[in-house]
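The numbering of the sequence shown is our numbering, which starts it at 848 and goes up by one.
For reference, the structure discussed in these notes is given below.
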Amino acid sequence: MAFIYRPTSLLPRLRNFTLARPACAALKTSVRLQATNTTTASEDQVKSYNEIPGSGTLKSLYNFLLKDGISRMHLTQQESRDKHGPICREILGPHKTVYVFDPDVVQQVFRNEGEYPAREPSSPIWQMYKKDRAHSEGVLTLHGEDWYKARSALSKKMLKPKVVSEYAPELTGVMQDFVGRVMELRESSQDKTVPNLQNELFKWSLESIGTVLFEKRFGSFEKPPSKEAQHFINAVQTVFSSFLKLLLYPEWMAKMYKTKRLRAFYDAMDVMYDFGDALVQEKMIEIAENAREIDEDKGAEFLTFIVASKKLSSKEITANLVEILMAAVDTTSNTSLWTMYNLARNPEVQERLHKEVTSVLKPGEIATPSTINKMHYLKACIKETLRLFPAAIENARIFDRDVPIMGYNIPKNAMVRIPIYAMGRDANLFDDPLSYKPERWLRGDKSHPDYHPFSSLPFGYGVRMCLGRRVAEMEMYLLFSRIMQLFQLESMNDVKPVTRGVLAPDKDVLIKFNKR
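Written out as C-alpha cells, the structure is:
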C-alpha cells in the first residue's frame, strides 16, 4: 500500500495546509549533498527558493480541486517539467517542495544519504489508528534510529538474493494455483478473458507475500476459501478501498466523528493485526519449545528467523509484517497487470519473450532461480513496465540543512521529490519514451544508447530502497515465465493510468488468454 508510507505529493500538504501544521520539523533527517558541479554555485550566484520556477498555493489548489487532483498527479508532474524545466517548486501552506527531473541531481541526492534517510511522514489517519490501538510503527513509516533497527532486522531475509531464492518453492506453489484459476476462468468465459483480472492478481500477490512473511497460505484459491482466509482477505480489501478516501479526513474531525468508512477501516486493520499477532505468538511458543540455532543464510523461514533473532519485540514484528504486506500487495499486483497489458499490446515483444522462455525451459518445466538467471529479456520486460508504469509515481527525501541545487538554495526541511513516472517518459532521457521496448535494457544492445542509471528508479535507491524488491521480482519472474509457456495474450481494450495511491488502470483490463 504505497500511499501509506509514500503519499502522493499534494495530499499531505493540502491536509497540512488546512490544519496549519509545521513541516516535518521533528524528523531526524540526514540527506547531505556533497559539493558537485551539478549542485553547487558560488555564494553570490545562488538564487533563493522563491526564484525557482513553479506554482504557488492557489495554482496548486486549482490543480487539485478542479483538475481531478490526485488521479492525474502523474500528469501534473509531467506538465510541470514541460513548463518549468528540470527543477521546479510547489508551495501549499507551510510546506515547500522541489521537483528535480535531472538524473545527475537525483544521483547526488541518493548517493549522499546519511545513515538515516527521511521521507514524508505517514498519513494522520494511519498515525491515529496506531496511537488509538497502541501499535508499534513499522519499517515503512519509521525514521531515525528506530527505522535503522527494524530495517537491519528485516533486510537479512528480504534483500539477500541467495536467501530470497529459497522462497521460490513456496512462491511457485502460489503461482501454479493462480495459473489454474486463470485456466478455470477463461474456460467459463465466452471470449477467453479473465473477469476481474486485477482482483485475481491481487489474491495471487497476497498469497505470495503472505507465504513468505507468515509462513502460511491464506487460502485465496481454495474452493471455497476457508472462513478464516476469506475474513482476512475481506479485511485487506476493505483497508485498500477505504484508506485513500480517508487521506483528507482531518484528525480532529476523525476524533469527533467516527464515520462508517472510518469504523470499517479500524475494524479491518484490527483483523489484520489480530491475525499477525496470533501467528507471532504461536511462533514464539514454537521456538521456545523447540530451541534450535537459526542461521540467517540457511533456510527461508522469515517469521521464524525474525522471532528467534529477538531483535524486535512481538508488537514490532506484527507491525512490520502488516506494513510490508500492505505495501507489497497492490504494488506487485498492479505491476504484473501492467506487464500483461504491455505484452498483450506488443505481440512482437511477447513473441520474443516466449522464445526466450521456451529456449530455457523444456515443455512443462517450471522456472527456478537458476533458470530465471538465463532469462535476460524477461527481466528487461519487467524493468520496461516499471519505467512506463511505476507503482509509485515518485520518491522523496527531506534535507537536514540548506543545500544548493542547480543554482538555487533549497531550505532545510524542504521536500525534494523525484518524479519517477515523469522521468521515465522524458524524451530527454529516453529515446522513443512512450514505446514499450524491453531491449533498451539489454547489455550490448546497439539499437539504444546507454541510459543514465538514475533515470529510472522504481524501487528507489540506497539504504531506503524498497525492502520487498527482491521478493516481488522473484514473484513476477516465476509468474511470467509460466504465463508465456501456456498462453498468448491478446489485448481487448485500451486503458489509461490514474493515480490511486499506486498507478493503476482507469478501468478493467480485458485480456484474452489464448492457449498455446
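Positions of the beta carbon are idealized from the N, C-alpha and C atoms, including for glycine.
- Inclusion of R928 and G901 in the CB contact set at 8 Å is not warranted, their separation being larger than that value.
- Distances from the CA of D1249 to each of K1259, P1194, N1242 were compared; the closest alpha carbon is that of K1259.
- Here Y1255 carries a strand assignment [DSSP, helix/strand/coil].
- Going by DSSP, P1216 is part of the alpha helix (DSSP H) stretching over 1216–1219.
- From the listed residues A1174, Y1113, D1247, S1156, the smallest Cα separation to L1314 is found for A1174.
- CA-CA distance, G991 to S1088, rounds to 31 Å.
- Here V1154 has V1127, K1130, M1131, I1134, I1164 as same chain residues with Cβ atoms under 7 Å from its own Cβ, once five neighbours each way along the sequence are excluded.
- Your pair H942 and M1262 checks out as a contact, with CB atoms roughly 7 Å apart and the cut at 8 Å.
- Straight-line measurement puts the Cα of M1321 at about 21 Å from the Cα of R1290.
- Here the alpha carbons of A1243 and L1281 stand approximately 24 Å from one another.
- Annotation: M1262 is outside any alpha helix (DSSP H); the continuous beta strand (DSSP E) that includes it extends over 1262–1265.
- In the three-state reduction of the DSSP assignment, S969 falls in the coil class, being assigned neither a helical nor a strand state.
- Your pair V893 and G1254 checks out as a contact, with CB atoms roughly 6 Å apart and the cut at 8 Å.
- A check of alpha carbon separations from E1212 across S1002, R1110, F1306, I1330 identifies I1330 as the nearest.
- With fewer than 16 other Cβ atoms inside 10 Å of its own Cβ, N897 counts as exposed.
- Beta-bridge pairing by DSSP links G901 to R936.
- Spanning the alpha carbons of Q1084 and K996 requires a straight line of approximately 30 Å.
- Non-local beta-carbon contacts of A1000 in its own chain, meaning distances under 6 Å to residues more than five positions away in sequence, involve K1158, L1159 in chain order.
- Under the three-state reduction of DSSP output, Q1335 falls in the strand class.
- Scanning its chain for C-beta atoms nearer than 8 Å, with the 5 sequence neighbours on each side dropped, one finds around D949 the residues T885, P933, I934, M1253, in chain order.
- Between the region 1050–1070 and the region 1017–1028 there are three or more C-beta pairs closer than 8 Å, enough to call the two in contact.
- With contacts defined as CB atoms closer than 8 Å, V1169 and L1053 fail to qualify as a contacting pair.
- By DSSP's assignment, A1243 forms a beta bridge with R1264.
- In this structure G1066 is buried. Its beta-carbon is surrounded by 16 or more other beta-carbon atoms within 10 angstroms.
- When the Cα atoms are used, F1149 and K1004 turn out to be separated by approximately 6 Å.
- Apart from sequence neighbours up to five positions away, the residues of its chain that approach E1017 with a beta-carbon distance below 6 Å are T1058, ordered along the chain.
- N1256 and A1214 have their C-alpha atoms roughly 51 Å apart.
- In the three-state reduction of the DSSP assignment, P1300 falls in the coil class, being assigned neither a helical nor a strand state.
- Collapsing the DSSP output to three states places A1351 in a strand.
- For G1027, same chain residues with a beta-carbon under 8 Å away, outside a window of 5 residues either side, are F1068 in chain order.
- In the three-state reduction of the DSSP assignment, K1130 falls in the helix class, which pools H, G and I.
- For E1163, the three-state secondary structure derived from DSSP is helix.
- For the pair E1231 and P1285, the CB atoms are nearer than the 8 Å cut-off.
- A residue is called buried when at least 16 other Cβ atoms come within 10 angstroms of its Cβ; E984 meets this threshold and is buried.
- Taken atom to atom, the span from the alpha-carbon of L1044 to that of I899 is near 44 Å.
- Distances from the CA of K1050 to each of Q1037, A1076, R1033, D1038 were compared; the closest alpha carbon is that of A1076.
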